[in-house]
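One structure is given here, and the rest of the page talks about it.
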Amino acid sequence: MSRRIGSVPYLNSVPLTRGIEDETEFVVPSKLADLLRAGELDAALLSVTEVLFNEGYDVLDGVAVASRGTVKSVFLAHRQPLDAIEVIHCDTASLTSVNLLRVLLAERGLQPKLEPLVDYSQASILPNVLLIGNPGIEFLRAPHAHSIWDLGQAWDTLTGLPFVYAIWALRRGRHDNALREKLRAAKADGLAHLEQTIAEYTDFDPDFRRAYLGDHIRYDLGKEEKAGLARFIELLRQHGNQPVYVPTYV
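And the structure:
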């Protein structure tokens, strides 16, 4: 079967691909962007900044990976006070998380150097690390000596709005109603069978999976989420030096 769809191998995306797993390629967000740009996929669950920084994509309306308040899987683990940090090593699998961190720090008047985290095994040793997804959850649940700055909560404190981490990006001119409806149906099926997903998924314990998927992650892309995205665009333009494009929802 030709795989026209790409998603990420993280717990938070599992409800969005229920029933379409066999036609979905699962790779980290940065690799998904490469595949979509190369025309090897027609739709991919991308980090939202890939769409904001590049033209040529449409965004599937109504579906996202978002949070309001604590998200648990996107955070800065730090041993130094925020205003004393000079270097942060960042998981570059999601440029959205890196840019969210940059914006949140800039709003505090802080501009530490952001370096790539080249080896997850170093996360517990380095003083300041940005972690995301399943590796972040694993770090959080293991013994560590870091303070945790949850970026979902930090965004909520700053703006009072949800934050959108990922969306279904569609190659403009390469998608049709059948593909769009397939993705919407997968979300509806995933949310309708959330308890089954929690039971079937093997990473982490069931209580954590239930709290994470049921309380911390949101899957709608509605009025509030779009307002949060619009605010993120404003701050990216304010604190960045590259064009930022307004999404086209379809």
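What the sequence shown shows, in my numbering, is residues 1 to 250, in sequence order.
We treat Cβ as the ideally placed atom computed from N, Cα and C, and that holds for glycine.
Counted within 10 angstroms of its Cβ, other Cβ atoms place residue i as buried (16 or more) or exposed
i, result
"LYS187", "buried"
"GLU225", "buried"
"SER121", "exposed"
"ASN177", "exposed"
"TYR249", "exposed"
"GLY255", "Because the chain in this structure spans residues 1 to 250, residue 255 falls outside the shown range and cannot be described."
"THR96", "buried"
"THR157", "exposed"
"VAL87", "exposed"
"PRO143", "exposed"
"ARG172", "exposed"
"ALA166", "buried"
"GLY56", "exposed"
"ALA77", "buried"
"TYR262", "With the chain running from 1 to 250 in the structure shown, residue 262 is simply not present."
Beta carbon proximity, residue i to chain B, threshold 8 Å
i, result
"LEU170", "Here there is only one protein chain, and chain B is not present."
Same chain, Cβ closer than 7 Å to residue i, five either side skipped, listed in chain order
i, result
"TYR201", "LEU11, VAL14 and ARG209"
"GLN242", "PHE53"
"LEU183", "ALA43, LEU60, VAL63 and TRP168"
"GLY152", "SER67, GLY69, THR70, VAL71, VAL74 and PHE163"
"GLY136", "SER73, VAL74 and PHE75"
Simplified DSSP state of residue i, which is helix, strand or coil
i, result
"PHE208", "helix"
"ARG218", "strand"
"PHE232", "helix"
"LYS113", "strand"
"TYR165", "strand"
"TYR120", "helix"
"ASP58", "strand"
"THR248", "coil"
"ASN128", "strand"
"ARG79", "coil"
"THR197", "helix"
"ARG141", "helix"
"VAL71", "coil"
Cβ-based neighbour list, residue i, same chain, cut-off 6 Å, excluding 5 preceding and 5 following
i, result
"ASN99", "THR49"
Limits of the beta strand (DSSP E) - the one that residue i falls within
i, result
"ASP150", "147–150"
"GLY6", "5–7"
"THR49", "Per DSSP, THR49 belongs to no beta strand (DSSP E); it is in the alpha helix (DSSP H), 48–52."
Residues of its chain near residue i, where Cβ-Cβ distance is below 8 Å and the 5 sequence neighbours each way are ignored
i, result
"GLU21", "none"
Extent of the continuous alpha helix (DSSP H) to which residue i belongs
i, result
"VAL98", "95–106"
Using 8 Å as the Cβ pair cut-off and three pairs as the minimum, do the region 29–48 and the region 209–220 touch?
no
At least 3 beta-carbon pairs within less than 8 Å: the region 108–118 vs the region 68–83
yes
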